[in-house]
Amino acid sequence: LSDLQANILKGHGRDHTKNVFLSFAGMKSDAVAGLLRDLSFVTTSALTQLREAEAFKATSLSGGTVLSVFLSANGYRALGLPDAKIPADKAFRAGMRIRGRLPAVPLPFNGPPINDPEKEHWEKGEAWDSAKDDPDAMVLIADEQASLVGNSYSALQKVFAKHGATVLGSDIGLAQRRKQAGGDVRGEGIEHFGYVDGISQPLFLTEDFLDNSGVPKPRGKWNEEFKASQFVVSDPGNPTTFSCGSYFVYRKLEQNVKLSKQRERLLAQSVDPQNPDEDRAGAMVVGRFEDGTPALQSGPVAGAPTNDFDYTLDPVGLKCPVRAHVRKTNPRTPGDKSERSHIMARRGITYGPRKPDFSDEPETGVGLIFMAYMADVNQQFEFTQSAWANNTSFPFQPAVPAKKGVDFIISQVANSGDPSEKEWIDGHSQPQKVGVMDFVQTVTLMGGEYFFAPSISFLQSAPSL
Ligand code: HEM
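Read left to right, the sequence shown gives residues -8 to 456 (the numbering used here).
This is the structure:
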């Protein structure tokens, strides 16, 4: 754990981040290595993160800055490494820009295209020409307050300059939290459409299965233990045997809140013009109510188990549509190990300001920085986006005759045109109600890259590689 970077096995939980993108253009490989060595001294390890979590439980004192370092395939190339020392994942080596625009993601699954937009625009108005300057590295700074992130960044700027690295630009992460009744208790993280996010996570640390007193927590069937090898791989760049790293997918996804809310209202109207229920309409699209209650339930249930469910009793999607976001991205078929192999460790954070009560409905400037760790970019992120979310005919079971369609939150392709793909059945009411709503894209990719989070000893040893 002292050699693995923080945030991979468990999210860092800080509310403020700065994601700084670097270019190594014009740097000699020695200078790149010198930069990585300097960064190794301040890169947070999984062990430090674990100790801080224990300290917090014991004393309520929270830890300090978390700093993570990521390299893209171009960043590795700038180090002048032999091919065998560059992480081998084909998607990682090609980079997100190439992969996101392939006509179709190559076998083994041959899904529809990921269909990323032609032009990236994640740094509107700044000097970074994101149409051609792919980042070589990304440094993530996370802390409890924006000013603390700013202090760390000021110190790091000198380190970047010392070695000749150029800061291309940065994204600021700002967690939004659900307001708790009765004051300033820290609420759950929500994304900009207003839904609690980050509920369903693969668990693999012993402590994830114990409560604060070390007693095993009751475990539902969907809180099974994952193998860490689904999220970490051995670090090919490192001379020692036990070093591990992780592939990391970064996508800045802008959310059009106004359009999404309009759509929820339209769907509610269409399902029941007399008595429109926007909460249910939203739950049909997301697969959960705003508070996280699964859409399988007839309405939000306080304290309901939020991850211990599957869709066995709702095979055709009468309670939770089969195209709802959480159903598309984790179909939860009992016993299907191959399906579970596509799960990622999601570590996203929202960006952009909002009114404290979320009464504003911004069309631009807010969104989700989707970040996820995994062992195989093609089989995990690309598979989920292409073979599931963008795929009008998924799920494939014959029990689901039609009414499939794309994921209305993250799809980047339209529906096939089959009229059943617009149909929304609310099977909670008797007789069932049916509404009609076309797919409208409310989430747009602003930019992103595939990175690798190397072991800390790799960063330390970079000069002698
Ligand atoms: C779950 C929103 C992008 C994959 C969720 C949840 C929300 C949400 C509200 C429910 C909370 C939970 O179950 O943890 C969003 C929004 C996005 C976005 C607003 C874009 C702006 C993505 C992307 C992917 C993804 C790009 C992958 C390609 C997942 C997965 C789950 C999830 C795997 C958990 C499903 C489960 O295990 O039941 N998302 N998401 N999301 N999302 Fe997203």
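In this text, a Cβ means the ideal position worked out from N, Cα and C, and glycines have one as well. Note that the structure is predicted; figures quoted are calculated from it, not measured.
What whole-angstrom Cβ distance do Val187 and Asp305 have, given they're in contact under 8 Å?
Within the sequence shown, residue 187 is the residue found at index 196, counting from 1. Within the sequence shown, residue 305 is the residue found at index 314, counting from 1. That belief does not hold up - the Cβ atoms of Val187 and Asp305 are roughly 21 Å apart, past 8 Å.
In the region 377 to 426, which residue ranges form an unbroken alpha helix (DSSP H) of at least 4 residues, counting only runs that do not cross its ends?
none
Distance, Cα to Cα, Ala146 vs Gly55?
As a working mapping, residue 146 is identified with position 155 in the sequence shown. As a working mapping, residue 55 is identified with position 64 in the sequence shown. Approximately 15 Å, taken between the alpha carbons.
Measure the C-alpha to C-alpha separation of Pro312 and Val276 and round it to an integer number of angstroms.
As a working mapping, residue 312 is identified with position 321 in the sequence shown. As a working mapping, residue 276 is identified with position 285 in the sequence shown. Looking at the two C-alpha atoms, the distance is approximately 8 Å.
When DSSP builds the beta bridges, which residues end up paired with Tyr238?
By one-based count along the sequence shown, residue 238 stands at place 247. Paired residues: Met365, Phe443.
For ligand 1, I want to know if Arg323 counts as a neighbour, meaning its beta carbon is within less than 8 Å of at least one of the ligand's heavy atoms.
Position 332 of the sequence shown, counting from 1, holds the residue named residue 323. Yes.
Assign Gln167 to one of three DSSP states: helix, strand, or coil.
Residue 167 sits at position 176 when you count from the first residue of the sequence shown. In the structure shown, Gln167 sits in a strand (DSSP, three-state: E or B).
Grouping DSSP H, G and I as helix and E and B as strand, with all else coil, what is Asn10?
Taking the sequence shown and counting its residues from 1, one reaches residue 10 at position 19. Looking at Asn10 - three-state DSSP - the assignment turns out to be strand.
Could you check whether the Cβ of Phe361 sits closer than 8 Å to any heavy atom belonging to ligand 1?
Stepping through the sequence shown from its first residue, residue 361 is reached at position 370. For ligand 1, at least one heavy atom lies less than 8 Å from the Cβ of Phe361.
Enumerate in chain order the residues of its own chain whose CB-to-CB distance from Phe12 is below 6 Å, with the five nearest sequence positions on each side excluded.
The residue labelled residue 12 in the question sits at position 21 within the sequence shown. Pro126, Met129, Leu159, Gly160, listed in sequence order.
Cβ atoms of Lys243 and Gly86: under 9 Å apart, would you say?
Here residue 86 corresponds to residue number 95 of the sequence shown, with the count starting at 1. Here residue 243 corresponds to residue number 252 of the sequence shown, with the count starting at 1. In this structure, Lys243 does not lie closer than 9 Å to Gly86 by Cβ.
Can you give me the C-alpha to C-alpha distance between Leu38 and Leu(-5), rounded to a whole angstrom?
Position 47 of the sequence shown holds residue 38. Position 4 of the sequence shown holds residue -5. Going by the C-alpha atoms only, they are around 8 Å apart.
Given 8 Å as the limit, is there contact between the region 222 to 230 and the region 440 to 455, that is, 3 or more CB pairs closer than that?
yes
Please name the residue, chosen from Gly164, Thr383, Ser350, Val427, that lies closest to Asp6 on a Cα-to-Cα basis.
As a position in the sequence shown, residue 6 is number 15, starting the count at 1. It is Gly164 whose Cα lies nearest to the Cα of Asp6.
Chain-order list of residues whose beta-carbon lies under 6 Å from that of Lys76 (same chain, five-residue window excluded)
Counting from one through the sequence shown, the residue named residue 76 turns up at place 85. Excluding residues within five positions, the ones whose Cβ falls inside 6 Å are Pro227, Gly228.
Just the C-alpha distance for Val176 and Ala133, rounded to the nearest angstrom, thanks.
For the purposes of this step, residue 176 is identified with residue 185 of the sequence shown, where counting begins at 1. For the purposes of this step, residue 133 is identified with residue 142 of the sequence shown, where counting begins at 1. Below a pLDDT of 50, predicted positions are generally treated as unreliable, and Val176, at 48, falls in that range; the measurement from the model is reported next regardless. One C-alpha to the other measures close to 21 Å.
Going by DSSP in three states, Ser448 sits in which element: helix, strand or coil?
Position 457 of the sequence shown, counting from 1, holds the residue named residue 448. Three-state DSSP puts Ser448 in a helix.
Counting contacts by CB-CB distance shorter than 9 Å, is Gly66 in contact with chain D?
The structure shown contains no chain D; it holds only a single protein chain.
Whole-angstrom C-beta distance between Phe15 and Ala156, which should lie under 8 Å
Start at 1 with the first residue of the sequence shown, and residue 156 comes out as number 165. Start at 1 with the first residue of the sequence shown, and residue 15 comes out as number 24. That pair is a contact at about 6 Å.
Closest by CA to Gln524, which one among Leu139, Arg338, Asp417?
Summary: the structure shown does not reach residue 524, with the chain confined to residues -8 through 456, and so no result is reported for it.
Looking at ligand 1, does it come within less than 8 Å of Ile340, judged from the CB to the closest heavy atom?
Within the sequence shown, numbered from 1, the residue matching residue 340 stands at position 349. No, Cβ of Ile340 sits at least 8 Å from all heavy atoms of ligand 1.
Cα-Cα, which of Tyr342, Val96, Glu182, Gly396 is closest to Pro410?
Position 419 of the sequence shown, counting from 1, holds the residue named residue 410. For the residues Tyr342, Val96, Glu182, Gly396, the minimum Cα distance to Pro410 belongs to Gly396.
Classify Arg279 as buried or exposed, calling it buried when 16 or more other Cβ atoms lie within 10 Å of its own Cβ.
As a first step, residue 279 is located in the sequence shown; it is residue number 288 there, counting from the start. When all chains shown are included, Arg279 counts as buried.
N- and C-terminal bounds of the alpha helix (DSSP H) containing Thr50:
Here residue 50 is taken as the residue at index 59 of the sequence shown, counted from 1. That run of the alpha helix (DSSP H) goes 37 to 50.
If you draw a straight line from the C-alpha of Leu131 to the C-alpha of Ser452, how long is it?
For the purposes of this step, residue 131 is taken as the residue at position 140 of the sequence shown. For the purposes of this step, residue 452 is taken as the residue at position 461 of the sequence shown. Rounded to whole angstroms, Leu131 to Ser452 spans 21 Å at the Cα level.
Compute the distance between the beta-carbons of Glu245 and Gly358, then report whether it is under 9 Å.
Taking the sequence shown and counting its residues from 1, one reaches residue 245 at position 254. Taking the sequence shown and counting its residues from 1, one reaches residue 358 at position 367. Result yes, Cβ atoms of Glu245 and Gly358 sit closer than 9 Å.
Residues in the same chain with beta-carbon distance under 7 Å from Asn101, minus the five sequence neighbours each way, listed in chain order, please.
Translated into the one-based positions of the sequence shown, residue 101 becomes position 110. Excluding sequence neighbours, Asn101 sits near Ala95.
For Ala336, tell me which candidate among Met428, Gln221, His183 has the shortest Cα-Cα distance.
Walking along the sequence shown from the start, residue 336 turns up at place 345. Of the candidates Met428, Gln221, His183, the one whose C-alpha sits nearest the C-alpha of Ala336 is Gln221.
Report the partner residues of Ala336 according to the DSSP bridge assignment.
Your numbering for residue 336 matches position 345 in the sequence shown. Tyr364, per the DSSP bridge assignment.
With a cut-off of 8 Å on the beta carbons, I'd call Ala82 and Asn369 a contact; round off their distance for me.
Reading the sequence shown from its first residue, position 91 is the one you call residue 82. Reading the sequence shown from its first residue, position 378 is the one you call residue 369. Yes, they are in contact, since the Cβ atoms of Ala82 and Asn369 sit about 5 Å apart, within 8 Å.
Please report the distance separating the alpha-carbon of Pro285 from that of Gln148.
Position 294 of the sequence shown, counted from the start, is the residue given in the question as residue 285. Position 157 of the sequence shown, counted from the start, is the residue given in the question as residue 148. Each residue's alpha carbon lies about 44 Å from the other.
Going by the CB atoms, is the gap between Glu354 and Leu436 shorter than 9 Å?
Taking the first residue of the sequence shown as 1, we reach residue 436 at position 445. Taking the first residue of the sequence shown as 1, we reach residue 354 at position 363. No. Outside cutoff.
Quick one: is the Cβ of Tyr302 within less than 8 Å of any heavy atom of ligand 1?
Indexing the sequence shown from 1 puts residue 302 at position 311. Incorrect: Tyr302 has no Cβ contact closer than 8 Å to ligand 1.
So which of Gly290, Leu72, Pro97, Val33 has the shortest CA-CA distance to Val150?
The residue labelled residue 150 in the question sits at position 159 within the sequence shown. Among Gly290, Leu72, Pro97, Val33, the Cα nearest to that of Val150 is on Val33.
So for Gly308, helix, strand or coil by DSSP?
The residue given as residue 308 occupies position 317 in the sequence shown. Coil.
Buried or exposed for Gly116, going by 16 or more other Cβ atoms inside 10 Å?
For the purposes of this step, residue 116 is identified with residue 125 of the sequence shown, where counting begins at 1. Confidence is the limiting factor: at Gly116 the pLDDT is only 43, short of 50, which leaves the residue's position unreliable and the question unanswerable from this model.
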